[in-house]
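Q: Chains as they are written, first to last, in the numbering used here: chain A, 1 to 394; chain B, 1 to 84; chain C, 1 to 361. Ideal Cβ placement from N, Cα and C applies to all residues, glycine included. Just so you know, these numbers come straight off a predicted model, no measurement behind them. Questions regarding the structure given below will be posed in turn.
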Amino acid sequence: MNRTEPVALTGLGCICALGSTVDACCAGLFQDQRHLAPPSRFTSAHAIRYPVFEVRGFPEVPGLLRTSALALHAAREALADAGLDAAALQGLRVGVVVGTTVGSTMNDEGFCRAHRADEEPGLAPMERILNSNPAAVLARTFGLRGPCQTVVNACSSGTDALGVGAAWIRGGLCDLVLAGGADELGRITYNGFISLKITDEAPCRPFDRDRKGLNLGEGAAMVVLEGAASHRRRNRRARSFLLGYGSACDAYHPTAPEPQGAGLKRAIAEALAGAGLPPEAMAFVNAHGTGTPENDRVESRALQAVLPGVPYFSTKGFTGHTLGAAGAIEAVFTAVCLEQGRIPANLGFSTPDPELGGTPVAQATTVTGLAALSESLAFGGNNAVVVLGKGEQA
Amino acid sequence: MDTKARLKSILADAMNLPDLTLDTYDDDAPLFGDNLGLDSLDAVELVILIKKHFGMEIVDMEEGKTAFASMNTLAAYLDRRLPA
Amino acid sequence: MTRITVQGLGLVGGFGTGCGALAQALALGRSPRSSLEVPTGAGPVLLDAFRADTGALKDLISPKVLRRMDHITRMALLAARLALADAGLEASGHEGLGVVLASGYGATASTYGLLDSMINDGDACTSPTHFANSLHNACSGNLAIALGANGPNLTVSQFDLSVPSALLSARQWLLDGRVERVLFGAVDELSDLTGYLWYRQHGPTGPGPMSPLRTRAASALPGEGAAFLLLSSRAEAQPGYCTLENVVLGPGPMPPTRNLLVLGADGRTATGARYAAAAEGAQVACFTPLYGSMPVAPAFDLAVAALMLRAGTLYPTPSGAPCDFPCVVAPAGPLAGQGLTCLALGDDGAFGSVAMRPISP
C-alpha cells in the first residue's frame, strides 16, 4: 500500500438537523443541540413514532428531489468557501462525485400505488427522479466540465465519494472536484429501516450499554478538493487535507457487519498507509457509531485493536444517520474539529458497555494533533475510511 | 389447515424455501444456521410474515430467537398465543 | 505506464449466456426476441424485449445461496462467475479483488416489491428483505459474499453514462495500485416499473429490427442483462482480450479519435441526433440491436469490442447501413491493429468514451 499525495480541501459546505451552514452545524456539536422529533413531512402507520433528525425550513425545489436540492445547497456553500464563482470555474476541469442512497432510487409511492391500482400514472414523478441524479444536477447547475459520478454505496457513499474524488485529482483527471454526499428523509426509507428492527424510538445512544438502534436523519455535505497546481496558483487556504483513503468489503452479510471487523481494519490500514502516518498520530476518530447493537460492538472493538488509546466519538447523536450524506458530513466535522482543536462529546452515551472496545469521548475535549480519521460502515459490507490533516492558517 | 402446515406453506412461498413442504423435512431441525441457510435478515422477515398472516407482533427479538428454533417450536409458539 | 488488460468476459442477455452466445449473435446479426408484459391502465401490454435467462446459475450456485437473490443480482452473479472462469480464475476466495458495478436504474423489481409490501400489507408489514435488496449496492454486496471478494467495492449510478463513469474509477484503482484485479460489471433489469416507464416513453414496440444508425427514426427495443469484465494490471498467464487505454467523461463534444467508433446508439430518438453529430464523418459500428436498449448497454459494447480485438476481426453491424448521417459503416473484415473507441452519450449531450487496443505481442 502506497503513500498518496495530500489533496487540499479548500471549501466546505454542510446542511443537516444542526443547521444550514458549516458554522451552524459545528457550533451545534458543542452546544449539545439535538433536534429530534417524529417526522413532520410524512406519516407512518407504525404505532411507535420513531423520531428523526429533519432539516427544518428547507424549501422544496420544483422538479428536483429533495436530496439533490440539499446537495446543491451544500455545494454552493463549499464553492463560496473556496472562493470559486462561475468565472473562476471557467476553463477548469471540475469533476463531481456525490454519494447517495435515496437520491438514486426509482421510488415514488404515489406513482406505484396508481400503477398497481391499474391506473395510468403520468411520468412526472419518474421524470423528477431521472432529472435528479445528484452528481448530474451539480454538474449541470455549475456548468462543470469534468467527470461526473453518483456513488451508491449505501451508508459509506459519502466517504467513498471523497476517496473517488481525491483519486481523480491525483490521477490528473481534474483540477478540482466537488465531492460529498446527500440524502433525504422519506417514508419508504423510514419504514424500511424500522422493518429491520434497528431503529430506536428514543434518542440514539451510540456506544452506550443500553443502545437500541439508530435514528434516521437527512442532510448533505460537499467539499472542494483541489490539486496542488490549482491550489498553488489560486493561493486559497486549505481548510484541511485529505491525506489517505481506504476501503474494503466484508464480503460477509447483506446488512450485518462482519464480527471481527476485518474489513474495517483493512480499510483503516490502507488509509493510514496512504497518509504515511502511524495509528498513534491520529488525534481522534469520528466513528460511524449509529447506535445499533451490532455496529457499535464491531466498530469499537476494531478501533481498540488498531487505534488503541485514540479518542473516538460518534456525531450521529446530533445528526442521526444521514445514510449517503453521513461520510461527507462527518468528514466536514472532522476537518473543523482539527481546525478548532476540539472534539465534541459523544451525545447519547452515558453507560459504558463492557462488551465494547473502550468508551467514547464523554465530554468536549481539546485536541492538539494534526490528523484524524473518519469512517463509515455500510450495508453490503462496505467499510470506508479517510484520514484528514489539519489545514492551513487563514 | 393446522398452524404448522399453514406456516410451512407461507414460508415456502414467501421465503423461497420449497424444501419445507417436503415430507422428508424434519420439523425439529434448526431453522437458522447451516440447515436452511436462514440468517438475521430472514429472522426480521419472519417477524413481518407472522404479523401479516397471523396478526401477531413479536416485539422482542430475543423472544423471537427461542420461538424460531425450529418449525415445531414456532408452530407451538403461535398456537399458544393465537386466540383459540 | 501501467498496462490494463481485459482478462475475462462474462455475459447474459437477450443473445443468451456467455461469450459464445454473443459471438453467435454477432455472426448471425440478430438475437432472439422475447417479450415483456407491462401492466397498464388498459390492461397488460406485451412489448418485444431482449430478456436474460439466469437458468445457468443453478449449475454454479447452491439454492441456499440463491434463495434471497432477486433477478438483477442473479444476472450479475452469473455474469461475474462467467467472467472469472473465462479469465482462468477460481470461483471464489478472492482476497483483495476489487468490485465495481454500474447500474442505470438499479433493483427496480425489488423496489416495487418493497412498495407492494407497504401498500398491500401496511407500513408495519414492510418487507425487510425487499428493502435490503432494493438498495443499489445490494447486488455488489451479494457478489462480494458469493465470490469472497474482500477488496474495495463501488457501485455507480449515472443513467446512460453509468458504465464509462464506473469504469473511470475502476481504471484509476488499477493505475493507483490499490488492487491488481478489478471485477468490473454492469447490470440493468426489465421489471414492471422499467417496463411501464418504457411503454409510456416509447409506446408499443414495432415489428422491425432495431436500426440505430437511422438516428431520426425510433426503433429501440428494451433489453436487460449483465456484462462483466475482469480487468488486470498484472502480467497474467493468458494474454487477454485487449488493453484498456483510456476512459474520458465530459459534457461533450468528444475529442476526435482515429479509432473506429463503436456507437452506443440504440434507436431512441432522445439520443439519436447526438450520436449522428458525434460520429459524423467517422468509421462506425453499432451492435445494440443484439442486446437492446438499457442504460448499461455500453458494457455490452465493451464486450463486443474486446471480442473483436482479440479475434482481430470486425463483426458486421447488424441491420448495417443505411445510416441517415454521413459516416462509414465499417464492413466486416480484418481490424489490422486498429484500436476501437466505445462511445456512450447521455441525453443531455454528455459523453463517455472508452479506448481499447489489441494486445501487442
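Which of helix, strand or coil does DSSP assign to residue 199 (chain A)?
A: Three-state result, residue 199 (chain A): strand.
Q: Less than 8 Å between the beta carbons of residue 181 (chain A) and residue 99 (chain A), yes or no?
A: In contact: residue 181 (chain A) and residue 99 (chain A) (Cβ atoms closer than 8 Å).
Q: Spatial neighbours of residue 29 (chain B) within its chain, please: CB distance less than 7 Å, with the 5 preceding and 5 following residues excluded, ordered by chain position.
A: Result list for residue 29 (chain B): 35 and 70, in chain order.
Q: From residue 49 (chain C) to residue 32 (chain A), what distance separates their C-alpha atoms?
A: Taking the straight line joining both Cα atoms gives about 57 Å.
Q: Cβ of residue 26 (chain B) less than 8 Å from any chain A Cβ?
A: Chain A, which has no Cβ nearer than 8 Å to the Cβ of residue 26 (chain B), makes this no.
Q: Quick one, which residues of the stretch 121-152 of chain C are near chain B if we go by CB-CB under 8 Å, in chain order?
A: For the stretch 121-152 of chain C, which is checked against every Cβ of chain B, the residues closer than 8 Å are 121, 124, 125, 126, 127, 128, 129 and 132.
Q: Can you find a heavy atom of the ligand SAM that lies under 7 Å from the Cβ of residue 250 (chain C)?
A: The model depicted lacks the ligand SAM and carries no ligand whatsoever.
Q: If the criterion is Cβ atoms closer than 8 Å, does the pair residue 79 (chain A) and residue 137 (chain A) meet it?
A: Taking 8 Å as the Cβ cut-off, residue 79 (chain A) and residue 137 (chain A) do not qualify as a contacting pair.
Q: Quick check on DSSP: helix, strand or coil for residue 235 (chain A)?
A: Three-state result, residue 235 (chain A): coil.
Q: For residue 22 (chain B), count neighbouring C-beta atoms within 10 Å of its own C-beta (all shown protein chains included) and say buried if the count is 16 or more, exposed if not.
A: Label assigned to residue 22 (chain B): exposed.
Q: Looking at the secondary structure, which residues open and close the alpha helix (DSSP H) in which residue 283 (chain A) lies?
A: Premise fails: residue 283 (chain A) lies in the beta strand (DSSP E), 282-286, not in any alpha helix (DSSP H).
Q: Please report the straight-line C-alpha distance between residue 49 (chain A) and residue 200 (chain A), rounded to a whole angstrom.
A: Roughly 10 Å separates the two Cα atoms.
Q: Any residues in the stretch 247-276 of chain A with a beta carbon nearer than 8 Å to a beta carbon of chain C? Which ones, in chain order?
A: Listed by position, the residues of the stretch 247-276 of chain A near chain C (Cβ gap below 8 Å) are 247, 248, 249, 250, 251, 252, 253, 254, 255, 262, 263, 266 and 270.
Q: For residue 39 (chain B) and residue 15 (chain B), which I take to be in contact (beta-carbon distance under 8 Å), what is that distance rounded to the nearest angstrom?
A: That pair is no contact at about 11 Å.
Q: Out of C:155, C:344 and C:138, which has the shortest C-alpha to C-alpha gap to residue 251 (chain C)?
A: Residue 251 (chain C) has its Cα closest to that of C:344, out of C:155, C:344 and C:138.
Q: Who are the Cβ neighbours of residue 103 (chain A) in its own chain at under 8 Å, not counting the five residues just before and after it?
A: So the list reads 65, 67, 68, 71, 132, 133, 134, 150, 182, 183, 184 and 324, once near-sequence residues are dropped.
Q: List the whole-angstrom C-beta distance separating residue 286 (chain C) from residue 359 (chain C), where the pair is believed to meet the contact cut-off of C-beta under 8 Å.
A: Not really, about 24 Å apart at Cβ, beyond 8 Å.
Q: For residue 159 (chain C) and chain A, any beta-carbon pair shorter than 8 Å?
A: Yes, its Cβ sits closer than 8 Å to a Cβ of chain A.
Q: Check whether chain B comes within 8 Å of residue 195 (chain A), counting only Cβ atoms and requiring the distance to be less than that.
A: Cβ-Cβ to chain B under 8 Å: yes for residue 195 (chain A).
Q: Does the separation of the CB atoms of residue 291 (chain C) and residue 38 (chain C) fall below 8 Å?
A: No, the pair does not count as a contact, with Cβ atoms beyond the cut-off.
Q: May I ask you to report which of helix, strand or coil DSSP gives residue 336 (chain A)?
A: Three-state result, residue 336 (chain A): helix.
Q: Taking C-alpha atoms, which residue in A:197, A:390 and A:298 lies nearest to residue 46 (chain A)?
A: Minimum Cα distance to residue 46 (chain A) is reached at A:197.
Q: Starting from the Cα of residue 219 (chain C), find the closest Cα among C:150, C:240, C:323 and C:72 and give me that residue.
A: Closest option to residue 219 (chain C), Cα to Cα, is C:323.
Q: Taking only beta-carbon atoms, is residue 74 (chain C) less than 8 Å away from chain B?
A: Answer no: the Cβ-Cβ gap between residue 74 (chain C) and chain B never drops below 8 Å.
Q: Check whether chain A comes within 8 Å of residue 40 (chain B), counting only Cβ atoms and requiring the distance to be less than that.
A: Chain A contact via Cβ: present.
Q: Helix, strand or coil for residue 222 (chain A), going by three-state DSSP, please let me know.
A: If DSSP states are grouped into helix, strand and coil, residue 222 (chain A) belongs with the strands.
Q: With a cut-off of 8 Å on the beta carbons, I'd call residue 313 (chain C) and residue 334 (chain C) a contact; round off their distance for me.
A: Sure, about 6 Å apart at Cβ, within 8 Å.
Q: Return the CA-CA distance between residue 162 (chain C) and residue 165 (chain A), expressed in angstroms with no decimal places.
A: Going by the C-alpha atoms only, they are around 16 Å apart.
Q: Determine, for residue 58 (chain C), whether the minimum Cβ-Cβ distance to residues of chain B falls below 8 Å.
A: With 8 Å as the cut-off, residue 58 (chain C) does not count as an interface residue toward chain B.
Q: Is the beta carbon of residue 275 (chain A) closer than 8 Å to that of residue 243 (chain A)?
A: Closer than 8 Å, so yes.
Q: Taking Cβ-Cβ distances shorter than 9 Å, what residues in chain A pair up with residue 61 (chain B)?
A: The contacting residues are 197.
Q: Which of helix, strand or coil does DSSP assign to residue 367 (chain A)?
A: Residue 367 (chain A) falls in the coil class under three-state DSSP.
Q: List the DSSP bridge partners of residue 390 (chain A).
A: DSSP lists A:240 as partners of residue 390 (chain A).
Q: Return the bridge partner residues of residue 15 (chain C) from the DSSP annotation.
A: For residue 15 (chain C), which the question treats as bridged, DSSP gives no partner whatsoever.
Q: Between which two residues does the alpha helix (DSSP H) containing residue 15 (chain A) stretch?
A: No alpha helix (DSSP H) contains residue 15 (chain A), which is instead part of the beta strand (DSSP E) from 7-15.
Q: Are the C-beta of residue 255 (chain C) and some C-beta of chain A separated by less than 8 Å?
A: Chain A, which has no Cβ nearer than 8 Å to the Cβ of residue 255 (chain C), makes this no.
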